[in-house]
Amino acid sequence: MRHLAPQQPGNLWPAKAYAGEVVPFEATVFREGHDRLGVRLIITDPTGRATTFRMRSVAAGTDRWRAELQLNVEGTWTWKVRAFADDWATWLHNAEVKIPAGIDVDLMITMGRDLLERAGTRKVVADAAAAFADPALSPEAKLAVALDPRLTAAIEAKPLASLTTESEPLSLRVERPRAGVGSWYEFFPRSEGAKRAKDGTWTSGTFRTAAKRLPAVAEMGFDVLYLPPIHPIGHAFRKGPNNSLVTQPGDPGSPWAIGSADGGHDAVHPDLGTVKDFQFFLQTANKLGIEVALDFALQCSPDHPWVTEHPEWFTHLPDGSIAYAENPPKKYQDIYPINFDTDPVGIRTEVLRLLRYWIGLGVRIFRVDNPHTKPLQFWEVVLHEINTEFPDVVFLAEAFTRPAMLHSLAQVGYQQSYTYFTWRNTKAELEEFFTSISHETSAFLRPNLFVNTPDILTEYLQFGGLPAYRIRAALAATASPSWGVYAGYELFEHVARPGSEENIDNEKYEYKQRDWAAAEKAGTSLAPYLTRLNLIRAAHPALRQLRNLDVHWSDDDSILVYSKFLDGAYTEGAGTDALIMVVNVDPHSVRETMVHLDLTRLGLAPDARFTVRDLLTGDSFEWGRDNYVRLDAFTQPLHILHVEYPKGR
């Protein structure tokens, strides 16, 4: 046997799953000749209880075998594959061919009787053996006995196996559901409740005023709130509006320029309140069903206490200055990156202390800024130590970087990762991307599909109008179990700073007041639409799975078609659930085309007819393998179709 899955490339670390996820276990199993094979999955849960499941052939001629299981217990599972020559299945196949043809009939009956005697003394088996020994029964009658479903089930439970072989055991780490499923919302607490005086000066929002925004976030169906850094902000080289080098009194600076005389990574910005105020914010969020994700950015401003207490943690240039952060052409004069090579033990000790401090205050999710600029070995040790001590802690990697590094961060322990989703906009790009995240890397990388960030306002959103905002949100919410939006998305904030992919008047560098109520009153807010998407996600367990996405086909280069299918046979209490997404990814056009479905991916016969209901509009249609669609980007750019299976399916 070969090519066992799921496993990480090189099998250096355990593969990943989350509680409630349906995991396909697969192996390529073959042998010489034409004899039939039996393949079993033997899986051991974290308590040490082993269970055996039958693996079935994926498709004739592929030698690929699969068993799908929903794993609901957190912890480390082990599994292996057992393969054997299935002597009864081999005999039965030959008997079905030879006995009706009158070939070797007596020999086949004798061989069948011998196998039944070997199968044991269970009543259904003993009765079959007696029938085979009865000279009054014809060979055809004896073959009918062999085909009795009760006998098949009895032998299936205890197969007649020979030439048995087993794979080496593999590990699978099952984490809590939030490690794989969540609807994320990002806002800056300093902007929520910020007030501007007539003279242009600002009063910062606080944790207390920001808490007033939490009910609206919960009402939209978001269950994770991500906060940019909440620490004191440096004054040296502080950036002004639109990343300018010129500041005015009262400019708040970038939250990622961490550290001042008020403290560093273990302090909260005094404008936001106290640690007790932060805990109040956490408690308020938790009561509303929201978890708070805290930004963890390992960098500092020139004013950070580390600069004087640990100068060895930074890169010193020949002129004696400390190197600031750069990502050409971008320059971050207000930020010093850390040099992880000068004192790796000391830095790691401090980072572990900081994480334990915030965990102690109640934080269980960290969004890590630019982890790809730090050594992989550092993350491997830190994440392992924290997750061993606190298995419920979730780390999201903000790693917009090369595939090798993005994948490796996930492999060494990150539970989730940002991805290239924001730059995948055409049908072809999205087909490739969706296939990759759901099938090629799903054993270790869990994508969080953010539609925008303070740094990312793509040309698609800048120039695609409201249709682009609807399209991108629906793609993210239906393609991945985890997705997210940055505040202002629902207000259609689409104007960029010239020559960039950033919002103009970027909130990273200034306060931003938003009139949520006015937009909702005017009917221009996308909040109801985002709410509807999250309600659909909550109602349909198929959307809370990652590995079940299948791409289908259309005759139009801009009509993307994909499905999410959850077979009730593999889940506890969820039932069969299937959705078909048909999306016009061109936000400027009206498209008419034929959509072509592989209905076997939905548990249906290839020629089945069935009803689908659009979960956005309520409209119902009779569908089959080939279907006409018309999608007007300006009025209805997409369908989210729920398959209504007939009773008794």
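Basically our numbering = 1-based index in the sequence shown + 78. All C-beta atoms in this analysis are idealised placements derived from N, C-alpha and C, irrespective of residue type, glycine included. As the structure is a prediction and not an experimental result, all values here were calculated from the model.
For residue 360, same chain residues with a beta-carbon under 8 Å away, outside a window of 5 residues either side, are 370, 439, 440 and 441 in chain order.
In this chain, the beta strand (DSSP E) harbouring residue 373 covers 369-374.
A direct Cα-to-Cα measurement between residue 221 and residue 688 gives close to 38 Å. Closest by C-alpha distance to residue 398, out of 149, 389, 483 and 406, is 389. According to the DSSP assignment, residue 364 belongs to the alpha helix (DSSP H) that extends over 353-365. Residues of the same chain with a CB within less than 7 Å of the CB of residue 150, apart from the 5 flanking positions on each side, are 97, 98 and 650 in chain order.
Here residue 525 is bridged, per DSSP, to 495.
The three-state secondary structure of residue 170, taken from DSSP, is helix. Residue 392 holds the alpha-carbon nearest to the alpha-carbon of residue 417 among 683, 289 and 392. Taking the Cα of residue 626 as reference, the smallest distance to any Cα among 646, 607 and 633 is reached at 646.
In the DSSP assignment, residue 153 falls within the beta strand (DSSP E) that extends over 153-164. By the beta-carbon neighbour count (other beta carbons within 10 angstroms, threshold 16), residue 562 is buried. Taking residue 251 as reference, the option from 638, 619, 488 and 331 with the minimal CA-CA separation is 488. Remark: C-beta atoms of residue 80 and residue 120 do not approach each other more closely than 7 Å. Under the DSSP assignment, residue 464 falls in the alpha helix (DSSP H) whose first and last residues are 454-467. Within 10 angstroms of the beta-carbon of residue 301 lie 16 or more other beta-carbons, which makes it buried. Linking residue 217 to residue 173 through their CA atoms gives a straight-line distance of about 10 Å. According to the DSSP assignment, residue 260 belongs to the beta strand (DSSP E) that extends over 260-264. The C-alpha of residue 511 lies about 15 Å from the C-alpha of residue 479. DSSP places residue 594 in the uninterrupted alpha helix (DSSP H) bounded by 594-600. The beta carbon of residue 411 sits closer than 8 Å to those of 315, 317, 323 and 402, all from its chain and outside the five residues before and after it, given in chain order. Using a 10 angstroms sphere on the CB of residue 644, the tally of other CB atoms reaches 16 or more, which defines it as buried.
For residue 447, the enclosing beta strand (DSSP E) stretches over residues 443-447.
For the pair residue 346 and residue 618, the Cα-to-Cα distance works out to about 39 Å. For residue 436, the enclosing alpha helix (DSSP H) covers residues 422-439.
For residue 512, the uninterrupted alpha helix (DSSP H) segment begins and ends at 505-513. Of the other Cβ atoms in all chains shown, 16 or more fall within 10 Å of the Cβ of residue 717; this residue is therefore buried. If the five residues before and after residue 454 are omitted, its C-beta is found closer than 6 Å to the C-beta atoms of 486 and 490, all from its own chain and listed in chain order.
Judged by DSSP secondary structure, residue 489 falls within the alpha helix (DSSP H) whose first and last residues are 481-490. Exclusion of the five residues before and after residue 235 leaves no residue of its chain whose Cβ lies closer than 7 Å to its Cβ. Under the DSSP definition of a beta bridge, residue 662 partners with 637. Scanning its chain for C-beta atoms nearer than 8 Å, with the 5 sequence neighbours on each side dropped, one finds around residue 621 the residues 555, 556, 559, 614, 615, 642 and 657, in chain order. Excluding five sequence positions before and after residue 297, the CB atoms of its chain that fall closer than 8 Å to its own CB belong to 609, given in chain order. Excluding residues up to 5 positions away in sequence, 473 and 475 lie with their Cβ nearer than 6 Å to the Cβ of residue 492 in the same chain. Within the same chain, and ignoring the five residues on either side of residue 106 in sequence, the residues whose Cβ sits closer than 6 Å to its Cβ are 80, 81, 141 and 142. A distance below 7 Å between beta-carbons, with the five flanking residues on each side excluded, links residue 700 to the following residues of its chain, in chain order: 687 and 689.
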